[in-house]
Amino acid sequence: MAERIDGQAMAATVSGRVARDVANLHKMRGIVPGLAVVLVGEDPASQVYVNGKIAQTRAAGIRSIEHRLPADTPECHVLALIETLNHDPQVHGILVQLPLPAHMNAAKVLDLIDPAKDVDGFHPVNVGRLSTGTGGLVPCTPLGCMLLLESVIGEFRGLSAVVIGKSNIVGKPVAMLLLERECTVTITHIHTQGLPDIVRGADIVVAAAGSPGLVRGDWVKPGAVVIDVGINRIVAPDGKRRLTGDVAFAEMDHARAITPVPGGVGPMTIACLLSNTVQAAWAAAGP
Ligand code: GUN
34 MAERIDGQAM AATVSGRVAR DVANLHKMRG IVPGLAVVLV GEDPASQVYV
84 NGKIAQTRAA GIRSIEHRLP ADTPECHVLA LIETLNHDPQ VHGILVQLPL
134 PAHMNAAKVL DLIDPAKDVD GFHPVNVGRL STGTGGLVPC TPLGCMLLLE
184 SVIGEFRGLS AVVIGKSNIV GKPVAMLLLE RECTVTITHI HTQGLPDIVR
234 GADIVVAAAG SPGLVRGDWV KPGAVVIDVG INRIVAPDGK RRLTGDVAFA
284 EMDHARAITP VPGGVGPMTI ACLLSNTVQA AWAAAGP
């Protein structure tokens, strides 16, 4: 039976550490970290994510600054807001929830965020730092994946890792983090030919394709560690709506360890966002 990697418990550990860091920053430097969240439009999934982020931000003792803007907000208003937040000393982290409405150029908006406040790690400066292994703020979900992997893997050097998914939010950055740990990394996606055979060679499988149940039991070699980043809303055969991952969980008994959906990677994303915010606040406080 595969070990179930408990993301809820790991996220609680990270959040506890963040709360202690927040308290120390206040005690030693008189600073309360602040996280600004910008949500444009009424996308229901984004609203759920943002509400969760705000609730946990407050619970960790971080100041939450919210900007909810209508879907038809002109792009120039969002750019002006980012400029204001960049210059606000009470704001240490800025998060613009994606996707943005279609009339906006997301890259232009993200590029304007001060890299030192880019707690999502999406700014090209932070992407460059990650790919050159020179620090910076690291995207939250990939960071969470690595913490979960570290809970079951002692030595990464030389392991073979397959990442399924090539997004800027998960696939590419998690591949960089695995490479940094000296794994041999193959980045694949749903159009990769011979995907099952490639996955069969992997000691570590990170599934982030957004395709429910894509990874089947006979794709995964015995003893592999499987991280399921998929959060797919499906209607089950009984007619009920539920969340399911990119991995056929019931077929993974032969894996060494696997993250469930829900309760695996999901809770780690917000915990790592809070961790990045405190890191940014400490960096802003100076030595
Ligand atoms: N939309 C889906 N995932 C994310 C994320 O990690 N950060 C932001 N800003 N938007 C998202």
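So the number in this note's numbering is just where the residue sits in the sequence shown, counting from 1, plus 33.
Beta carbons are placed, not taken as given, at the ideal position from N, Cα and C, and that holds for glycine.
When DSSP states are grouped into helix, strand and coil, Asn265 belongs to the strand group. For Val81, the distance from the CB to the nearest heavy atom of the ligand GUN is not below 7 angstroms. Distance between Gly272 and Asn265, taken at the CA atoms: about 15 angstroms.
Taking 8 angstroms as the cut-off, the Cβ atoms of Val142 and Leu133 count as close. In the structure shown, His110 falls within a helical segment according to DSSP collapsed to helix, strand and coil. The C-beta distance from Leu145 to Leu112 rounds to 6 angstroms, short enough to meet the 8 angstroms contact threshold. Excluding five sequence positions before and after Gly204, the CB atoms of its chain that fall closer than 6 angstroms to its own CB belong to Val196, Gly198 and Ala241, given in chain order.
Under the three-state reduction of DSSP, Val232 is assigned to helix. In the DSSP assignment, Leu128 is bridged to Val70. Annotation: His59 is outside any beta strand (DSSP E); the continuous alpha helix (DSSP H) that includes it extends over Gly40 to Arg62. Between Leu181 and Met43, the CB-CB gap stays under 8 angstroms. Residue pairing for Ala194: DSSP places it in a beta bridge opposite Val218 and Ile237.
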